[in-house]
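Order-wise, the sequence lines are chains A and B.
Quick note on numbering: the numbering used here labels position 80 of the first sequence as 100, and the sequence is numbered without any gaps.
Quick note on numbering: the numbering used here labels position 14 of the second sequence as 136, and the sequence is numbered without any gaps.
We treat Cβ as the ideally placed atom computed from N, Cα and C, and that holds for glycine.
Computed from a predicted structure; not experimentally measured.
Input: a single structure, listed below in structure tokens.
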Amino acid sequence: MTGLTLQDLSVDLAGRRVLERIDLTVAPGECVGLIGPNGAGKSTLMRAALGHLPATGHSSLATLPRRERALAAAWLPQAREIAWGMTVEEIVELGRTPHRRPGSPLRPADRAAIARAMEEADVARFATQNAKQLSGGEQARVLLARALAQEAPILLADEPVAGLDPAHQIAAMEVFAKHARAGGTVIAALHDLGLAARWCTRLVLLDSGRIAADGPPATVLTTERLASVYGIAAHISDAEDGLIVLPLRRVTPEVSA
Amino acid sequence: MAYRRLIASLAALVAVLFCASLLIGPAAIGLGDSILALLGLGEGLNQGLGGSAEARVLVMQEIRLPRAILGLTIGASLGLSGAALQGYLRNPLAEPGLIGVSASAALGAVLAIYTGLSAAFPLALPLSALGAAVIAVLLLLALAGREADTLTLILAGVALSALAGALTSLALNLSPNPFAALEIVFWLLGALTDRSMLHVWLAVPFMLVGWLLLAGLGRGLDALALGEEAAASLGIRLDLLRLAVVLGTAASVGAATAVAGAIGFVGLVVPHLLRPLVGGRPSRLLLASALGGAAMLLSADIAVRLVTPGQELKLGVLTALVGAPFFLWLILSRRRDLT
Numbered sequence: 021m022t023g024l025t026l027q028d029l030s031v032d033l034a035g036r037r038v039l040e041r042i043d044l045t046v047a048p049g050e051c052v053g054l055i056g057p058n059g060a061g062k063s064t065l066m067r068a069a070l071g072h073l074p075a076t077g078h079s080s081l082a083t084l085p086r087r088e089r090a091l092a093a094a095w096l097p098q099a100r101e102i103a104w105g106m107t108v109e110e111i112v113e114l115g116r117t118p119h120r121r122p123g124s125p126l127r128p129a130d131r132a133a134i135a136r137a138m139e140e141a142d143v144a145r146f147a148t149q150n151a152k153q154l155s156g157g158e159q160a161r162v163l164l165a166r167a168l169a170q171e172a173p174i175l176l177a178d179e180p181v182a183g184l185d186p187a188h189q190i191a192a193m194e195v196f197a198k199h200a201r202a203g204g205t206v207i208a209a210l211h212d213l214g215l216a217a218r219w220c221t222r223l224v225l226l227d228s229g230r231i232a233a234d235g236p237p238a239t240v241l242t243t244e245r246l247a248s249v250y251g252i253a254a255h256i257s258d259a260e261d262g263l264i265v266l267p268l269r270r271v272t273p274e275v276s277a
Numbered sequence: 123m124a125y126r127r128l129i130a131s132l133a134a135l136v137a138v139l140f141c142a143s144l145l146i147g148p149a150a151i152g153l154g155d156s157i158l159a160l161l162g163l164g165e166g167l168n169q170g171l172g173g174s175a176e177a178r179v180l181v182m183q184e185i186r187l188p189r190a191i192l193g194l195t196i197g198a199s200l201g202l203s204g205a206a207l208q209g210y211l212r213n214p215l216a217e218p219g220l221i222g223v224s225a226s227a228a229l230g231a232v233l234a235i236y237t238g239l240s241a242a243f244p245l246a247l248p249l250s251a252l253g254a255a256v257i258a259v260l261l262l263l264a265l266a267g268r269e270a271d272t273l274t275l276i277l278a279g280v281a282l283s284a285l286a287g288a289l290t291s292l293a294l295n296l297s298p299n300p301f302a303a304l305e306i307v308f309w310l311l312g313a314l315t316d317r318s319m320l321h322v323w324l325a326v327p328f329m330l331v332g333w334l335l336l337a338g339l340g341r342g343l344d345a346l347a348l349g350e351e352a353a354a355s356l357g358i359r360l361d362l363l364r365l366a367v368v369l370g371t372a373a374s375v376g377a378a379t380a381v382a383g384a385i386g387f388v389g390l391v392v393p394h395l396l397r398p399l400v401g402g403r404p405s406r407l408l409l410a411s412a413l414g415g416a417a418m419l420l421s422a423d424i425a426v427r428l429v430t431p432g433q434e435l436k437l438g439v440l441t442a443l444v445g446a447p448f449f450l451w452l453i454l455s456r457r458r459d460l461t
């Protein structure tokens, strides 16, 4: 199983530095929550790591040949696109693309991966339905199943739980945690700090294109940091089954400083 | 399997229509005589229907056969490239004319008529049209090069179409006499009448190249249903996909326009009509759409011969006349699925 290594990774978009010399190593078995305010560079970091953006520096994924990269990492973009009236099963089947030769039929291994992915994302009962006619949250789960069907050791997801109901948010985080426990590598951009704190083994806090903090949830999510980076006051407490983080109100950075 | 049945029935339909196209025409030739004449035989049956044996051979081999072949190949080109473009742009409104190659090929043909070149030697018109199509593709690729997004491609195509259309109007405007103007207008309407085997030999190789480029795109087009980023992460080379879509459409539709003029609506309507039957999947739509386009153009070309035998209705007029209301009905009946 492979991890992900980024060294000195910088990205300029339209003359603006969006990502500033990121060094990050994520090992197999880690479920990393990528957190930070809007525009901090979370999506850019993942897209640059995948080689979808012109970047300077090194990414262990971007240097792989295209097909090997597709076998090494699955990517769940923020924009949830499903074109045409394909069935849920056919959408999930697209995750098998890098495993198949063009035009070859599905092998038993492909079918098993598709069935497993649909089960994990709880969309098996929609298998033969038109994916476009499902609700937004259901479509998000179909696309999650597509990424899982790819069976890549590294899973990169951009706001995968946005728009899901609480039960399915937790279910999605369970899927990520399980993937990591099985030796996979997960990096998910998250806005829900409570979910991030409870389900991720490690949090990376981005602020203005730099890593502001990196470590276990309890060390990254401190009242001072939430005030200085997000400009919020939050209730943070330790419960028996994990950290509880609840944003309360906005504060001005001066107050906290 | 439903898909296999659909392909088999479409193929059968195309075969039947191809034969019908060979058998129907102003010269009434019997079924047996037609087949013999097509094979260059039939001397024994000297005074059959439709004149002498030589005349029958001439009608079958030099008039009806090229017409039927062009109907089939041009229809397939329009259907296939329409399906590929709609899949690539993820837009059901895309059609082969969108990238500006048809309008440019038409301009090349019009210039050949305008300058009198087409009267000087017969292949000047299709050759000039092909040349203009090639120039249009090069311009398109220069305008919307490797890194550009799909929107840039659409805008560049629209701009090229507008420019070619304006220059075509200019040629009409400045045309030296009403006969030249009339010839230009009639040519622009699109038709398959009086095309020879020379036209077939000129156009079909380009169309075959185009088909080859487009036929291999199914996997990439399927992945694109998830958006460009997800498709790229599945290992799809988007730059090559785009190049193949543009070149494949340009080669097949450019050649089609060069010999038959602009024939609209086939490339737009056929993918729409067949999409629900293949379950929406872009890769399955390619072959189905090629066969559907061939069937639609062959039947339209048979219809113009039957409906108005004396003054033949132009093929392009008929496809638009039938295609537009049909498309409207299609939109109304599927309004819910489109959103």
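Cross-chain neighbours of residue i in chain A, by beta carbon under 7 Å
| i | result |
| --- | --- |
| PRO87(B) | Outside the shown range of chain B (123 to 461) lies residue 87(B), about which nothing can therefore be said. |
| ASP344(B) | LEU114 |
| GLY365(B) | Here residue 365(B) turns out to be Leu, not Gly, going by the sequence shown. None at all; the shortest Cβ gap to chain A is about 16 Å. |
| LEU362(B) | Within chain A, no residue comes near LEU362(B); the closest Cβ sits about 10 Å away, beyond 7 Å. |
| ARG457(B) | Within 7 Å Cβ-Cβ: nothing; ARG457(B) doesn't reach chain A, min ~14 Å. |
Where residue i meets chain A, residues with beta-carbon distance less than 9 Å
| i | result |
| --- | --- |
| ARG359(B) | ARG86 |
| ASP271(B) | Correct list: empty, because the minimum Cβ distance to chain A is about 13 Å. |
| GLU217(B) | Those within 9 Å of GLU217(B) in chain A number zero; the least Cβ separation is about 17 Å. |
| ARG178(B) | Within chain A, no residue comes near ARG178(B); the closest Cβ sits about 44 Å away, beyond 9 Å. |
Backbone CA spacing between residue i and residue j [nearest angstrom]
| i | j | result |
| --- | --- | --- |
| ILE111(A) | GLU194(A) | 22 Å |
| LEU314(B) | ALA288(B) | 25 Å |
| LEU180(B) | SER174(B) | 10 Å |
| LEU132(B) | PHE387(B) | 19 Å |
| ALA372(B) | GLY432(B) | 34 Å |
| THR138(A) | GLN153(A) | Here the sequence assigns Met to residue 138(A), which means Thr is not the residue at that position. Roughly 17 Å separates the two Cα atoms. |
| VAL265(A) | MET106(A) | 40 Å |
| GLY115(A) | ALA167(A) | 6 Å |
| ILE453(B) | LEU200(B) | 20 Å |
| GLY23(A) | GLU158(A) | 30 Å |
| VAL256(B) | LYS62(A) | 44 Å |
| ARG178(B) | LEU161(B) | 11 Å |
| GLY197(B) | SER411(B) | 9 Å |
| ALA258(B) | ALA234(B) | 16 Å |
| MET21(A) | VAL206(A) | Residue placement at MET21(A) cannot be trusted, given a pLDDT of 49 that sits under 50; what the coordinates show is reported in the next sentence. So the two alpha carbons sit approximately 12 Å from each other. |
| GLN27(A) | LEU81(A) | 11 Å |
Bridge partners - residue i, DSSP secondary structure assignment
| i | result |
| --- | --- |
| ARG36(A) | LEU33(A) |
| ILE231(A) | LEU226(A) |
| GLN27(A) | HIS78(A) |
| THR107(A) | ASN150(A) |
| HIS255(A) | LEU266(A) |
| CYS51(A) | VAL206(A) |
| ALA177(A) | LEU96(A), ALA208(A) |
| LEU44(A) | LEU26(A) |
Reference residue i, options the options, closest by Cα
| i | options | result |
| --- | --- | --- |
| ILE358(B) | LEU339(B), ALA303(B), ILE146(B) | LEU339(B) |
| GLY253(B) | ILE196(B), ALA225(B), GLY238(B), ALA242(B) | ALA225(B) |
| THR221(A) | GLN27(A), LEU44(A), ASP32(A), GLY53(A) | GLY53(A) |
| ALA69(A) | LEU176(A), GLN170(A), ARG136(A), ALA169(A) | LEU176(A) |
| ILE174(A) | VAL224(A), LYS62(A), GLY203(A), VAL240(A) | GLY203(A) |
| ALA134(B) | VAL368(B), MET182(B), LEU194(B), ARG178(B) | LEU194(B) |
| LYS436(B) | GLY219(B), PHE308(B), ASN299(B) | PHE308(B) |
| ASP178(A) | LEU163(A), ARG121(A), ILE102(A), LEU126(A) | LEU163(A) |
| VAL108(A) | ASP130(A), ARG121(A), ALA75(A), ALA147(A) | ALA147(A) |
| ALA15(A) | ILE102(A), ASP43(A), GLY156(A), ALA217(A) | In the structure displayed, chain A extends from 21 to 277; residue 15(A) sits before or after that span and is not available. |
Proximal chain A residues relative to residue i, where beta-carbon distance stays under 8 Å
| i | result |
| --- | --- |
| GLY356(B) | Sequence inspection shows Leu at residue 356(B); the Gly mentioned does not correspond to that position. Within chain A, the residues near LEU356(B) are ALA90, LEU114, GLY115, THR117, PRO118, GLN170. |
| ALA347(B) | GLU101, ILE102, ALA103, TRP104, MET106, ILE111, LEU114 |
| ARG462(B) | Nothing in the structure corresponds to residue 462(B), since chain B is present only between 123 and 461. |
Chain B residues whose Cβ lies nearer than 9 Å to that of residue i
| i | result |
| --- | --- |
| PRO128(A) | Near PRO128(A) there are no residues of chain B at all, since even the closest Cβ is about 19 Å away, more than 9 Å. |
| GLY95(A) | The residue asked about is misnamed: residue 95(A) is Trp in this sequence, not Gly. Those within 9 Å of TRP95(A) in chain B are GLU351, ALA352, ALA354, SER355, LEU356. |
Under 7 Å from the C-beta of residue i: neighbouring residues of chain B
| i | result |
| --- | --- |
| LEU70(A) | SER355 |
| THR107(A) | GLY401 |
Chain B contact residues for residue i, given Cβ-Cβ distances below 8 Å
| i | result |
| --- | --- |
| PRO186(A) | By Cβ distance, chain B contributes nothing, its closest Cβ being about 26 Å from PRO186(A), past 8 Å. |
| GLU158(A) | Neighbours of GLU158(A) on chain B: none; closest Cβ ~16 Å, over 8 Å. |
I'd like to know if the stretch 448 to 456 of chain B and the stretch 377 to 393 of chain B are in contact, where contact means that at least 3 CB-CB pairs between them fall below 8 Å.
Contact holds: three or more Cβ-Cβ distances are below 8 Å.
Would you check if there are 3 or more beta carbon pairs closer than 8 Å linking the stretch 337 to 350 of chain B to the stretch 293 to 312 of chain B?
no
Cβ contact check for the stretch 214 to 229 of chain A and the stretch 30 to 41 of chain A: 3 or more pairs under 8 Å:
yes
Mind the definition here: the stretch 391 to 411 of chain B touches the stretch 172 to 191 of chain B only if three or more C-beta pairs lie below 8 Å; say whether that holds.
When C-beta atoms of the stretch 391 to 411 of chain B are compared with those of the stretch 172 to 191 of chain B, fewer than three pairs fall below 8 Å, so the two segments do not count as touching.
Quick one: any contact between the stretch 415 to 432 of chain B and the stretch 362 to 377 of chain B, if contact means 3 or more CB pairs under 8 Å?
No contact exists between the stretch 415 to 432 of chain B and the stretch 362 to 377 of chain B.
Does the contact criterion of 3 or more C-beta pairs under 8 Å hold for the stretch 347 to 355 of chain B versus the stretch 93 to 105 of chain A?
yes
Hey, is the stretch 231 to 241 of chain B in contact with the stretch 315 to 325 of chain B, meaning 3+ C-beta pairs nearer than 8 Å?
no
Whether or not the stretch 239 to 250 of chain A and the stretch 68 to 88 of chain A are in contact is what I'm after, with contact meaning three or more pairs of Cβ atoms, one per stretch, closer than 8 Å; do they touch?
Because the criterion of three Cβ pairs below 8 Å is not met, the stretch 68 to 88 of chain A and the stretch 239 to 250 of chain A do not touch.
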